[in-house]
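Chemist: Can you keep this structure in mind? I'll have questions shortly.
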Amino acid sequence: MPKDNNAPLRSRRLSDEEIAKNFSDMHPPLGRSEALIEADRCYFCFDAPCTTACPTGIDIPGFIQKIRSDNITGSAQTILRENIMGGMCARVCPTEVLCEEACVRNTHEDKPVNIGLLQRYATDPIFENSIGLFERGSESGKRVAIVGGGPAGLSCAHRLSMLGHSSVIFNRDEKLGGLNEYGIAAYKTVNDFAQREVDYILSIGGIEVRNDVALGEDFTLAELQDEYDAVFLGFGLGSVNDLGLADEDIDGVLNAVEYIAELRQADDKGDLPVGDHIVVIGGGMTAIDIAVQTKRLGAENVDIVYRRGPDEMGASTYEQEFAQTTGVKIRHWAKPKKLLIDGRVAGMEFEKTKLDDNGKLSGTGETFCLNADVVFKAIGQTLSEKTLGVLTGTLELNKGKIVADDELKTSLPAVWAGGDCVYGGDDLTVSAVQDGKIAAIAIDRYLREESNNG
Ligand SMILES: Cc1cc2nc3c(=O)[nH]c(=O)nc-3n(C[C@H](O)[C@H](O)[C@H](O)COP(=O)(O)OP(=O)(O)OC[C@H]3O[C@@H](n4cnc5c(N)ncnc54)[C@H](O)[C@@H]3O)c2cc1C
Ligand code: SF4
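Numbering follows numbering that gives the first Met the number 0, with no gaps: position 70 of the sequence shown is 69.
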């Protein structure tokens with residue numbers, strides 16, 4: 000984390016009012032009449048391509064129909080029974096590449112039904128008024144250990160409770176929620192929504208929480224396998240990838256995810272020191288989020304540099320445009336070559352890139368430099384070495400992630416895994432929630448078969 004006295008980083012670049020405005024709700028909620036007008040735009044398609052495009056398979060026309068008849072609680076139940084984090088997903092899902100991209104309204108009007116905002120309209124009252132929609136299933140006597148209290152772990156715990164099993168969540172962070180609490184951009188989830196959602200999930204009962212404990216430090220996987228009837232691993236990815244340059248640990252070269260976590264936890268965002276010139280390396284959501292948030296803290300120039308073209312960026316076109324309208328510059332087809340150092344980081348030299356005749360990315364030899372008070376690394380996350388060290392030799396891994404089958408079962412007996420730590424996923428909140436749900440259903444079947452056989 001940069002130090003405030005570490006010129007040229009400064010806190011309080013903007014007034015309190017400007018900061019409050021910059022970090023206010025990105026998509027203010029719909030009122031009743033707006034929601035009814037939007038719900039009326041739905042064709043209630045028989046084959047509902049929007050539902051097929053939703054990783055959790057929410058019956059989208061079904062919940063929109065209930066909004067039309069003012070059955071808001073019924074609408075929320077339709078959403079939350081498939082996706083217990085339907086409130087957070089209404090705020091953070093890249094709907095433009097999921098349900099809304101599939102909406103047939105796009106072909107007729109070039110504008111989909113605003114499914115995300117309708118989902119928020121239906122679910123907000125449930126969290127605001129703590130309306131319990133789900134009950135714990137009758138007690139099976141089985142106990143499941145869940146490692147990680149992010150979207151994957153919480154979703155798994157909630158579904159296990161509905162199915163009658165108890166669980167214990169072992170969580171490294173001080174608070175539950177994972178990246179919903181520590182990673183998602185601040186203007187996407189205001190008013191402590193992540194913790195309100197966690198409280199709602201836990202209110203079903205049968206879920207014990209142990210925060211500030213870590214697999215590999217405070218307990219081992221073998222211990223959990225001995226003590227519990229099944230184990231679910233949902234510990235996300237703890238580290239960011241390195242750039243592979245000399246002097247990468249110099250002052251001013253920062254991990255984007257760590258800075259965002261500080262920003263999310265800061266009581267007063269104006270206290271965060273920020274530079275004049277920010278360079279962000281990467282092309283996904285993290286790159287967009289760190290760029291937009293530092294710009295909104297008052298950085299003068301923020302450049303995202305990505306080694307390929309706009310179509311290859313992990314961030315959607317909508318997110319790229321969102322960053323650009325905030326004043327962030329996105330430079331494509333360039334890769335970091337060298338850090339420029341003057342006691343601390345002062346800039347970066349880049350080499351322009353292109354695809355060669357075989358479609359392989361290569362440098363053109365042409366270079367350019369950018370000034371930088373801070374360089375943020377945002378080129379993807381990876382399992383931390385500590386966690387990997389614990390797993391190596393026991394679990395089957397691929398490219399540093401856990402291999403799991405369609406039901407999220409790993410190579411170890413009675414061990415399932417889901418969310419970002421699993422190989423082949425798309426690293427979205429909604430997908431982590433779906434993994435937790437699928438794994439819980441598979442664990443339930445396994446536990447019942449065990450009981451019948453035993
Ligand atoms: C900056 C950023 C912005 C993002 N923005 C979006 C967005 O706008 N929309 C979207 O859909 N997705 C977004 N994502 C992705 C999304 O947040 C993740 O896909 C999702 O949170 C993954 O959930 P998870 O439960 O697998 O892991 P995480 O959310 O990472 O949770 C992992 C949990 O495991 C715990 N843990 C870690 N190691 C251990 C250990 N050894 N022992 C015990 N507990 C451990 C941690 O404390 C944490 O609570 C973003 C990601 C980042 C980094
Ligand atoms: S695709 Fe669009 S119009 Fe059709 S059911 Fe889904 S939201 Fe409604």
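Heads up, the beta-carbon is just placed ideally off N, CA and C, and yes, glycines get one too.
1) Quick one: Cα of N113 to Cα of F218, how far?
2) Using a threshold of 6 Å, is the CB atom of V273 nearer than that to any non-hydrogen atom of ligand 2?
3) Could you name the residues of the same chain whose beta carbon sits closer than 7 Å to that of S450, not counting the 5 residues immediately before and after it, in chain order?
4) Keeping to the same chain, check which residues put their C-beta closer than 6 Å to that of Y199; ignore five residues upstream and five downstream.
5) Using 7 Å as the threshold, is the C-beta distance between T204 and L175 below it?
6) Tell me where the alpha helix (DSSP H) around S74 begins and ends.
7) Mapping the DSSP letters down to three states, classify L116 as helix, strand or coil.
8) Shortest alpha-carbon distance to T188 belongs to which of G85, E448, L242?
9) Helix, strand or coil, according to DSSP, for K2 in the structure here?
10) How is the alpha helix (DSSP H) around R295 delimited, first residue to last?
11) Looking only at DSSP bridge pairs, what is Q380 linked to?
12) Going by beta carbon distance, what residues of the same chain come within less than 7 Å of G460, once the five residues before and after it are set aside?
13) Does the distance from the CB of G282 to the CB of G243 come in under 7 Å?
14) What does the alpha-carbon distance come out to for the pair P28 and Q118?
15) Beta-carbon within less than 6 Å of A151's beta-carbon, same chain only, minus the 5 sequence neighbours each way: which residues are those?
16) Under 6 Å from any heavy atom of ligand 1, does the C-beta of L178 make it?
17) Short of 6 Å in beta carbon distance, which residues of its chain neighbour G136, apart from the five on each side in sequence? Order them along the chain.
18) Counting C-beta neighbours from all protein chains within 10 Å, is the total for Q264 16 or more, i.e. buried, or is it exposed?
19) Could you name the residues that DSSP lists as bridge partners for G274?
20) Indicate the three-state DSSP secondary structure (helix, strand or coil) for L175 in the structure shown.
21) Is any heavy atom of ligand 2 found at a distance shorter than 6 Å from the C-beta of I78?
22) Is there contact here, the region 42-57 with the region 98-106, by at least three beta-carbon pairs under 8 Å?
23) Any heavy atom of ligand 1 within a distance shorter than 6 Å of the CB on I183?
24) Taking 6 Å as the cut-off, is the beta-carbon of A47 closer than that to any non-hydrogen atom of ligand 2?
Modeler: Quick look at the numbers:
1) 45 Å
2) no
3) none
4) Taken in chain order, the residues that qualify are F126.
5) It should be pointed out that residue 204 corresponds to Gly in this sequence rather than to Thr. Cβ atoms of G204 and L175: not closer than 7 Å.
6) 71-79
7) helix
8) G85
9) Interpretation of K2 is limited by its pLDDT of 41, a score under 50 that renders its predicted location unreliable; no figure is taken from the coordinates.
10) 284-296
11) V239
12) As displayed, the chain neither begins before 0 nor continues past 453, which places residue 460 out of reach and without an answer.
13) no
14) 10 Å
15) G233, G417, G418, A431, D434, G435, listed in sequence order.
16) Result yes, Cβ under 6 Å from ligand 1.
17) M161, L162, G163
18) Classification for Q264: exposed.
19) Bridge partners of G274: none, in fact.
20) coil
21) Incorrect: I78 has no Cβ contact closer than 6 Å to ligand 2.
22) yes
23) Result yes, Cβ under 6 Å from ligand 1.
24) At least one heavy atom of ligand 2 is found less than 6 Å from the C-beta of A47.
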